[in-house]
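Once you know that position 58 of the sequence shown is 222 in our numbering, the rest is easy, because the numbers rise by one and skip nothing.
Ideal placement from N, C-alpha and C gives every residue a C-beta, glycine not left out.
First comes the structure, then the notes that go with it.
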Amino acid sequence: MNLLMLYRGPLASCNYDCPYCPFAKRRDTPAQLREDRAALSRFVEWVVANPHGDTLSVLFTPWGEGLTRSWYRQALVRLSHLPHVERVAIQTNLAGRLAWTADADPERLALWATYHPGQTSRDRFLTACATLRRHGIRHSVGMVGLPEHHAEAVTMRDALPAQTYLWINAADGHVYSADEEARWTAVDPLFGYSVRPHASAGHECWAGETAISVNGDGLVRRCHFLPEAIGNLYDDTFRTALTARACPAASCDCHIGYVHLKRLGLHQVFAGGIAERIPAGPPPAWGAPGPHVRSAAAARTAPR
Ligand code: SF4
Ligand code: SF4
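What follows is the structure in structure tokens.
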């Protein structure tokens, strides 16, 4: 089967301090870092062994920043060279040096990069993106849609090449007026998917069928948002739990979750780039209303 694994280990420290950070950041102690490194190593060995002969994709979604830690960089490089790994990606603020990407297979490595104004400069972030392009590494770029960051998002959209997708996440707790939504949609044609939570109760979701969430200790859940375990990676109990089923939660408001909500059809929109959040389709449409805007409008009229 083709399985997407979202891995999140104990790491919770970050070199940035974004005021809107959704995570409870901490300063990891040496013992916590050793624990994170050991957990990641165990996970990597499982992916290398691939006991079921699957085609695997991996997205690292750390609570903090992984790329400042050598073991995440090494894991990405190593997994990128495995023939049964279709894609290996990580969510990152792109602050670290990127020379290591030259050792990875650019066919399989991808980055999900977020630009945080106030924590770094636009020039520095754009230089990092240019480095990725030089190494042929697929990447999306994203920002949080805070009203005070709109002008910067427009500038970033203009500064990035047309083929680089700039996604915008609706800011937590912010209600967007129709005008605001239109202004952000002009930056990200897919903003309509992010702007309001999606009703999910009773709707089938690929999470728990072809996508799973894996903790550092191997605990497997359908997704990062449902607390119930469906098994463990290392004793193989998760495997028989992979099946089609409805979501028990009222709503789903995070891209790494609702991208799997079947009724939204986002596996088609992001075909070939689900892990790194890169849509399929004609990239020059970014920044101008296109067919995806109509898709987003259709999704908004569906029950939530
Ligand atoms: S870069 Fe991400 S994890 Fe780090 S402080 Fe900002 S939002 Fe939080
Ligand atoms: S809709 Fe969201 S919360 Fe529900 S199973 Fe899918 S990813 Fe999880």
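**Request:** Over the uninterrupted alpha helix (DSSP H) stretch that includes Arg298, give me the two end residues.
**Result:** As a first step, residue 298 must be located in the sequence shown, where it is residue number 134. DSSP places Arg298 inside the alpha helix (DSSP H), whose first and last residues are Arg286 to Arg298.
Worksheet entry | Ala342 - containing alpha helix (DSSP H), residue span | Locating residue 342 in the sequence shown gives position 178, counting from the first residue. Counted as a single uninterrupted DSSP element, the alpha helix (DSSP H) harbouring Ala342 occupies residues Ala342 to Thr349.
Leu243 versus Pro174: straight-line alpha-carbon distance, rounded
In the sequence shown, the residue the question calls residue 243 occupies position 79. In the sequence shown, the residue the question calls residue 174 occupies position 10. About 20 angstroms.
Leu258 and Ala292 closer than 7 angstroms at C-beta
As a working note, residue 258 is residue 94 in the sequence shown. As a working note, residue 292 is residue 128 in the sequence shown. At the C-beta level, Leu258 and Ala292 come within 7 angstroms of one another.
Using a Cβ distance threshold of 8 angstroms, determine whether the stretch 207-224 contacts the stretch 167-185, with at least three qualifying pairs required.
Yes: at least three Cβ pairs fall under 8 angstroms.
Nearest by alpha-carbon distance to Ser414: which of Phe389, Gly437, Arg286 and Val252 is it? For this step, residue 414 is matched to residue 250 along the sequence shown. Checking the sequence, you will find Ala at residue 414 rather than Ser. Of the residues Phe389, Gly437, Arg286 and Val252, the one whose Cα lies closest to the Cα of Ala414 is Phe389.
Limits of the unbroken alpha helix (DSSP H) element including His419: By 1-based counting over the sequence shown, the position of residue 419 is 255. His419 to Tyr422 is the extent of the alpha helix (DSSP H) around His419.
Give me the residue from Ala371, Glu316 and Arg302 with the minimum Cα distance to Arg347.
Here the question's residue 347 lines up with position 183 in the sequence shown. Just measuring C-alpha positions, the residue of Ala371, Glu316 and Arg302 sitting nearest Arg347 is Glu316.
Requested in this report: With a threshold of 16 other CB atoms inside 10 Å of the CB of Phe187, please say whether the residue is buried or exposed.
Outcome: As a working note, residue 187 is residue 23 in the sequence shown. Exposed, by the Cβ-count rule.
> Is the stretch 366-375 touching the stretch 329-348 in the sense that three or more CB pairs, one from each, lie closer than 8 angstroms?
Replying inline: No: fewer than three Cβ pairs fall under 8 angstroms.
Please give me, in chain order, every unbroken run of the alpha helix (DSSP H) with length at least 4 that falls completely inside the stretch 235-261.
Look at the stretch 235-261 and you find no whole run of alpha helix (DSSP H) that is 4 residues long or longer.
Q. Among the residues of its own chain, which have a CB less than 6 angstroms from the CB of Pro361, if the five just before and after it don't count?
A. For the purposes of this step, residue 361 is taken as residue 197 along the sequence shown, with counting starting at 1. Residues of the same chain with a CB within less than 6 angstroms of the CB of Pro361, apart from the 5 flanking positions on each side, are Ser415 and Asp417 in chain order.
### Task
For Asn214, I'd like the list of residues in its chain whose CB is within less than 6 angstroms of its CB, leaving aside the five on either flank, ordered along the chain.
Here residue 214 corresponds to residue number 50 of the sequence shown, with the count starting at 1. Excluding residues within five positions, the ones whose Cβ falls inside 6 angstroms are His248.
Helix, strand or coil for Trp370, going by three-state DSSP, please let me know. Within the sequence shown, residue 370 is the residue found at index 206, counting from 1. DSSP places Trp370 in coil when its eight states are reduced to three.
Which residues in the same chain have their Cβ closer than 6 angstroms to the Cβ of Cys178, if we skip the five residues on either side of it in sequence? Stepping through the sequence shown from its first residue, residue 178 is reached at position 14. Within the same chain, Cys178 has close Cβ partners Lys189, Gly228 and Glu229.
**Request:** Go ahead and pull the three-state DSSP assignment for Pro447.
**Result:** To locate residue 447, count along the sequence shown from 1; it is residue 283. In this predicted model, Pro447 has a pLDDT of only 49, less than 50, meaning its place in the structure is not dependable; the value taken from the coordinates is given anyway. Three-state DSSP puts Pro447 in a helix.
| query | If you check the beta carbons only, do Thr392 and Trp276 fall under 7 angstroms apart? | reply | The residue you call residue 392 lines up with position 228 of the sequence shown. The residue you call residue 276 lines up with position 112 of the sequence shown. Sequence inspection shows Glu at residue 392; the Thr mentioned does not correspond to that position. With a cutoff of 7 angstroms on beta-carbon distance, Glu392 and Trp276 are scored as not near each other.
Problem - The alpha helix (DSSP H) enclosing Trp210, as first and last residue numbers - result: Looking up residue 210 in the sequence shown gives position 46. It spans Pro194 to Ala213 - the alpha helix (DSSP H) in which Trp210 sits, taken as one unbroken run.
- Could you spell out the range, first to last residue, of the beta strand (DSSP E) harbouring Phe355? Residue 355 sits at position 191 when you count from the first residue of the sequence shown. Careful: Phe355 lies outside any beta strand (DSSP E), inside the alpha helix (DSSP H) at Phe355 to Ser358.
Is it true that the CB of Arg272 sits closer than 7 angstroms to the CB of Val252? Start at 1 with the first residue of the sequence shown, and residue 252 comes out as number 88. Start at 1 with the first residue of the sequence shown, and residue 272 comes out as number 108. Result yes, Cβ atoms of Val252 and Arg272 sit closer than 7 angstroms.
By the three-class DSSP mapping on this structure, what secondary structure does Leu220 have? Against the sequence shown, residue 220 aligns to sequence position 56. Reduced to three states, the DSSP call for Leu220 is strand.
Q | Cutoff 6 angstroms; reference Pro325; Cβ partners in own chain excluding five residues on either side | A | For the purposes of this step, residue 325 is identified with residue 161 of the sequence shown, where counting begins at 1. Cβ neighbours of Pro325 beyond the five flanking positions: none.
> Per DSSP, what kind of secondary structure is His388 in: helix, strand or coil?
Replying inline: For the purposes of this step, residue 388 is taken as residue 224 along the sequence shown, with counting starting at 1. DSSP places His388 in coil when its eight states are reduced to three.
Residues sharing a beta bridge with Cys185, DSSP = Mapped onto the sequence shown, residue 185 falls at position 21. According to the DSSP secondary-structure assignment, Cys185 is paired through a beta bridge with no residue.
### Message
Determine whether the beta carbon atoms of Gly382 and Tyr398 lie at a separation below 7 angstroms.
### Response
By 1-based counting over the sequence shown, the position of residue 382 is 218. By 1-based counting over the sequence shown, the position of residue 398 is 234. Yes, they are a contact pair.
Q. Sorted by chain position, which residues of the same chain lie with C-beta nearer than 6 angstroms to Gly300's C-beta, five sequence neighbours on each side aside?
A. Here residue 300 is taken as the residue at index 136 of the sequence shown, counted from 1. Its chain contains Pro270 as the residues whose beta carbon lies nearer than 6 angstroms to that of Gly300, once the 5 sequence neighbours on both sides are disregarded; these appear in chain order.
Nearest-angstrom Cα separation, counted from Arg191 out to His216: To locate residue 216, count along the sequence shown from 1; it is residue 52. To locate residue 191, count along the sequence shown from 1; it is residue 27. Approximately 37 angstroms between the Cα atoms of the pair.
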